[in-house]
Amino acid sequence: EEEEEEEVEDVLNGMKCQAPIQESWGAVNYHNAMVVCREGEDEPEGDDDVIRVRVLFTHPTYNAMKPCPYFMDGRCRFDQDGCRFSHGRVVELSQLQPFQEPDFSLAHIGGSCLARHSSDGLWHKAVISSIENLYDSFTVHFTALNSTEQLQPDAVLPIGTYTY
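Letter 65 of the sequence shown, counting from 1, is numbered 66 in the working numbering, and no numbers are missing.
Right under this line is the structure:
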C-alpha cells in the first residue's frame, strides 16, 4: 500500500492541469496550473477518501495567483492568508481538468493574447504587433499598461486557447 501511495505521488507531482479558482466576485474559472504535492496525507483516515492536491498557477493574472518566491524553499515568513503571493491552492483531484497547451495557429498580427509582462511577471491582455520567424518571438502591446515588449513564445498565449 505504501508503494502505491508513492506511485500516486510520483504521477501527481509536477502534473500539468487546469485548476479551479474562485474569483473575488464569485465566479469560478479554470487556469493552467501544476500540481506541487498531495495534501492531507498526514491526517487520520476517515470516511473522506477524497484526494487533495496543492497547485500553483502557471500563468497568474494577479498577485494572489503568483507563486511566492520564498514559499517553495520554506523561507516565507507569512502564512497563506498573510502573504500577498500564492502558497498554492488546495483542490480536490477530481476538480482538475486537462492542461491547455497554447495554440499558436490562433496567433496573428492584431490578434489578442495573454502575455507575461517583464515588470511584474503577471499575465496581461495584449495585442500582437508582430510575429518573427514562424513564432520564434512576438512583439505585443499591453494596452492597459501602455507598453510594448518583444517576447519569446513561452511568454505568449494566443486568446482562444484560454477562457480568461
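Just so it is clear, CB atoms sit at the ideal spot from N, CA and C, and this is done for glycine as well.
Here the structure is a predicted model, which is why all the values come from computation and not from measurement.
Legend entry - Whole beta strand (DSSP E) elements within the segment 21-74, 3-residue minimum: 29-40 and 53-58
Inset, instruction - Provide the residue(s) that pair with LEU115 in DSSP beta bridges, ordered along the chain. - result: As a working note, residue 115 is residue 114 in the sequence shown. Paired residues: LYS126 and LEU158.
Legend entry - From THR59, ILE132 and CYS69, residue whose alpha carbon lies closest to that of GLU102: Against the sequence shown, residue 102 aligns to sequence position 101. Closest option to GLU102, Cα to Cα, is THR59.
Legend entry - Which listed residue (THR149, GLU93 and SER138) has its alpha carbon closest to that of SER120: Position 119 of the sequence shown, counting from 1, holds the residue named residue 120. That would be THR149, whose Cα lies nearest to the Cα of SER120.
Legend entry - Beta-carbon proximity of ALA108 to VAL141, cut-off 8 Å: On the sequence shown, position 107 is the one that residue 108 refers to. On the sequence shown, position 140 is the one that residue 141 refers to. Taking 8 Å as the Cβ cut-off, ALA108 and VAL141 do not qualify as a contacting pair.
Legend entry - Environment of ASN147 [buried if 16+ CB atoms lie within 10 Å]: Within the sequence shown, the letter at position 146 stands for residue 147. Per the 10 Å Cβ criterion, exposed.
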